[in-house]
Every structure is written in C-alpha cells, then in structure tokens.
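The structure under discussion appears below in the form of structure tokens.
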Amino acid sequence: RYVTKDGKCRVNLRHIAEPGRFLSDIFTSFVDLKYRWFLFVFMMCYVVTWVGFATLYFLDALLRGDLDAPARRDPPPCYQNVDGFLSALLFSVETQRTIGYGSRMVMSSCQEGVLLVMAQSIVGSMIDALMVGCMFVKISRPKKRAQTLLFSRTCVIANRDDQLCLMFRLGDLRESHMVDAKVRAKLIQSRQTSEGEFLPLEQTEIDLGYETGSDRLFLVEPQVIQHTIDPNSPFWELGPDQLRRQQFEIIVILEGIVEATGMMCQAKTSYIETEIEWGARFEPCMTLEKGAFRVDYRRFHETYQVPLPRCSACQSAELQGQLDWGLQAEEEEEEGDRDDQADGGGLGRRLFWEAPGFGIDQIQEERASEV
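In the numbering used here, the protein residues as written are 9 to 379.
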C-alpha cells in the first residue's frame with residue numbers, strides 16, 4: 009500500500025546527497041520535527057546559550073582576577089557576587105530571562121561585561137522569537153484537523169443515471185466547516201512500457217467532475233463522490249473479476265481551508281482492489297427531523313447490495329449498443345410493413361434497404377438493356 013488508510017505515505021528517503029539543504033530552511037525543519045525532538049531542541053537552545061554566556065562571564069572574571077579578590081575593593085569587581093562557575097551560570101540565566109534577583113549584576117566600569125550582557129539579551133530575544141514562532145506554528149498546524157474528516161472504508165460501483173460509477177463517501181465531524189473544499193483522486197499502478205521500461209508507481213488522474221465543478225464541495229453533510237466510468241476512465245474495460253486480479257491503489261485527497269485558522273488542510277486515504285464493492289450503494293445516513301437534517305454517522309460506512317451485471321462498462325456499452333440497434337431494426341421493419349400494407353402489399357415484406365433516388369427494379373432494367 010502506497011498510502012495508508014489514515015493518510016501516511018509509506019515512502020522512506022535514504023542516502024540524501026545534500027543534507028545541508030534542510031539547514032537552509034531551518035524554520036520548516038524545526039516545525040517538521042516530531043514533538044519529542046522539537047522539545048529537546050527547544051530546551052537545548054536555551055541551555056546552550058545559558059552555559060555559553062556563563063562560560064564567557066566566568067572566564068572574564070577569572071582573567072580580571074575578580075574570583076579571588078574581596079567583594080569590597082577599589083576598583084570593584086566586574087561582576088558582583090560572581091565567585092564561581094555556578095554563580096556565573098545563575099547570572100547568565102537571570103540576564104537572559106530578565107529575572108533580576110538583585111544580588112548579581114555587572115558594574116558600569118566593566119566595558120566587556122556590558123557588551124556581553126547586551127549580546128546575550130539580543131541572542132535571547134532571537135531565540136525567543138524563533139522558538140515561540142515554531143511552537144505556535146506547530147501547535148496551530150491543521151494536520152490534526154484531518155482527524156475529523158472521514159472517508160468511507162470502501163468504494164462501491166453501481167449505476168447512477170444509467171451510467172456505471174465508482175463512488176466513495178466523505179464526511180466532516182466538526183461544526184466549523186471547511187472553506188473551498190476540493191477533492192481529487194489518482195490511480196497508482198505499476199506498468200511496463202512498450203520499450204520495456206518498468207514504471208513502479210505510475211500516477212493516473214481520476215476525473216471527479218473537474219469540468220462540471222463537482223469536485224468542489226460544500227462539505228456540511230456527508231457527500232458521495234462519484235467517478236463516471238466512461239471511455240476515458242482507467243476502469244472502462246475492468247469488470248469485477250478483472251478488478252480482483254489487478255493490483256492498483258486509488259489515492260483520494262481532500263483539501264480545504266480551515267475556517268477557524270484560515271490555514272490549508274489536507275486529508276488523504278487510499279483504496280486497494282480488495283476494498284471495492286461491485287454492485288453496492290451507501291446506506292442513507294441523513295434524515296429530516298423537526299425542520300432540520302440529522303446525520304447518523306453510525307451508517308456512514310454501511311453499504312447494501314444492488315443488482316448489477318458482472319461485466320465491464322465497455323462490455324455493457326457494447327451490449328446496450330447491440331440491443332439498441334436490434335430495437336431500431338425491428339422498428340424500421342415494422343414501419344416498412346405498415347408502408348407496404350398501405351401501398352397494397354404488392355411486394356410483401358421489404359428485404360433490402362433502398363437508397364433515395366433509385367431502387368433494385370431500375371438496376372435490373374438497366375442491366376437487361378445492356379445485354
């Protein structure tokens with residue numbers, strides 16, 4: 009299966025030649041991380057800056073000789089109440105987080121200390137902006153919105169308006185609706201070209217009504233999406249037995265804008281050949297009660313059988329064409345009999361079709377004159 013039922017693509021990328029490309033788009037790389045790794049990077053960004061600047065404060069105080077000097081001396085030490093690495097670490101945390109307990113501070117006479125405090129404040133603000141932005145985007149991503157979008161477990165094939173159709177059902181569990189919802193489908197199938205090239209995952213578009221606008225949905229209640237199996241359909245020559253023998257996968261993609269956030273949401277699912285029911289329709293799940301429509305999602309996946317010939321749409325069209333031709337021939341024959349009876353019935357039933365302008369009698373007379 010190329011795409012799982014919950015929409016995850018089963019494709020693993022290996023041996024990427026230039027992993028540095030991910031660092032050029034570091035914001036997206038952070039957002040795409042799993043939550044455990046994202047929280048780890050979140051904490052390490054702060055811990056590394058705290059420890060890094062604490063090391064700079066400690067080395068500055070050590071080089072100035074402030075660690076062993078008394079607190080009251082002239083000139084005063086650069087960092088008040090910083091007498092070791094641990095106190096330097098506390099001073100770094102208080103500076104970056106603007107805690108300000110008051111016991112540790114940098115003196116105005118220490119120029120390098122003032123520059124370090126300014127640098128840490130700028131770096132801390134940048135980290136805050138990056139981490140808060142990543143956290144906000146990650147939490148508000150519409151990826152989880154797809155969990156409340158439902159796809160039917162199976163597809164069904166049945167006649168609709170005298171045409172064979174492949175159908176599946178969509179539903180939205182939330183009362184806040186999707187804006188500008190669109191649905192599309194692709195057929196994934198392996199194929200070998202006439203030159204012998206093997207295409208493992210060839211994608212073919214499945215028409216869901218793009219030209220008529222049927223693929224654009226107002227997804228308030230569960231809707232049945234149909235694909236008409238016509239001569240342009242990849243299922244035109246496939247009957248129920250051929251469907252079971254084929255190996256393919258139908259990928260359904262639903263896209264729309266989340267009404268609450270205005271962000272694009274995408275939900276995916278797939279159907280394989282064993283998940284297509286021949287000669288079935290979906291159970292109605294909507295009723296009218298007290299002036300409002302009621303949707304019963306217990307029937308969302310339910311189907312019922314309907315009579316359907318076990319032949320492909322192509323074979324059905326050929327049989328229908330032969331039947332229509334036979335009926336038309338009978339009608340023309342009956343009409344000819346009525347015309348003969350109206351003329352006196354001299355020739356009886358007509359056995360030949362007469363072209364306009366001349367008939368079989370004229371041809372026989374012409375041949376007799378030539379002899």
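Every residue, glycine too, gets a C-beta built ideally from N, C-alpha and C.
Integer-rounded CB distance, given that residue j should sit under 8 Å from residue i
i	j	result
M115	C86	6 Å
F66	A25	Not confirmed; about 42 Å, so no contact.
G264	P230	The Cβ separation is near 15 Å, so there is no contact.
R105	I280	About 54 Å; that fails the 8 Å criterion.
I261	Q274	7 Å
D68	L123	Actually they do not touch by this definition, with Cβ atoms about 10 Å apart.
A288	Y312	7 Å
F290	R168	With a Cβ gap of about 11 Å, F290 and R168 do not count as contacting.
I196	F256	7 Å
For residue j and residue i, the rounded distance between their alpha carbons
i	j	result
P150	M272	7 Å
L47	F30	19 Å
E267	C53	34 Å
C186	L246	This sequence places Met at residue 186; Cys is not what is there. Cα to Cα, the separation comes out at about 35 Å.
L207	F308	36 Å
W286	C163	9 Å
S37	C142	10 Å
T103	R153	40 Å
D40	D74	46 Å
K276	D136	35 Å
I233	W333	33 Å
R252	I34	46 Å
Buried versus exposed call for residue i [16 or more other C-beta atoms within 10 Å across all chains shown]
i	result
V140	exposed
R358	With a pLDDT of 41 at R358, under the threshold of 50, the predicted position of this residue should be treated as unreliable, though the coordinate-derived value follows. The residue is exposed, with fewer than 16 neighbouring Cβ atoms inside 10 Å.
L355	Note that L355 scores a pLDDT of 40, beneath 50, so its modelled location is shaky; the value from the coordinates is reported in the next line. With fewer than 16 Cβ atoms within 10 Å of its Cβ, L355 is classed as exposed.
M134	exposed
G15	buried
S278	buried
S32	exposed
Q128	buried
S184	exposed
V11	buried
I165	buried
V191	buried
V19	exposed
Contact test: residue i Cβ vs the ligand MN heavy atom, cutoff 7 Å
i	result
V49	No copy of the ligand MN appears in this structure; indeed no ligand is present at all.
Bridge partners - residue i, DSSP secondary structure assignment
i	result
Y279	I258
N167	L172
G179	L158
L207	R199
Q274	E263
Simplified DSSP state of residue i, which is helix, strand or coil
i	result
I2	The question about residue 2 has no answer, for the chain in this structure spans 9 to 379.
G110	coil
Y218	coil
A137	helix
K194	strand
V187	strand
E338	helix
Short CB-CB distance (under 8 Å) between residue i and chain C
i	result
V140	No chain C appears in this structure, which consists of one protein chain only.
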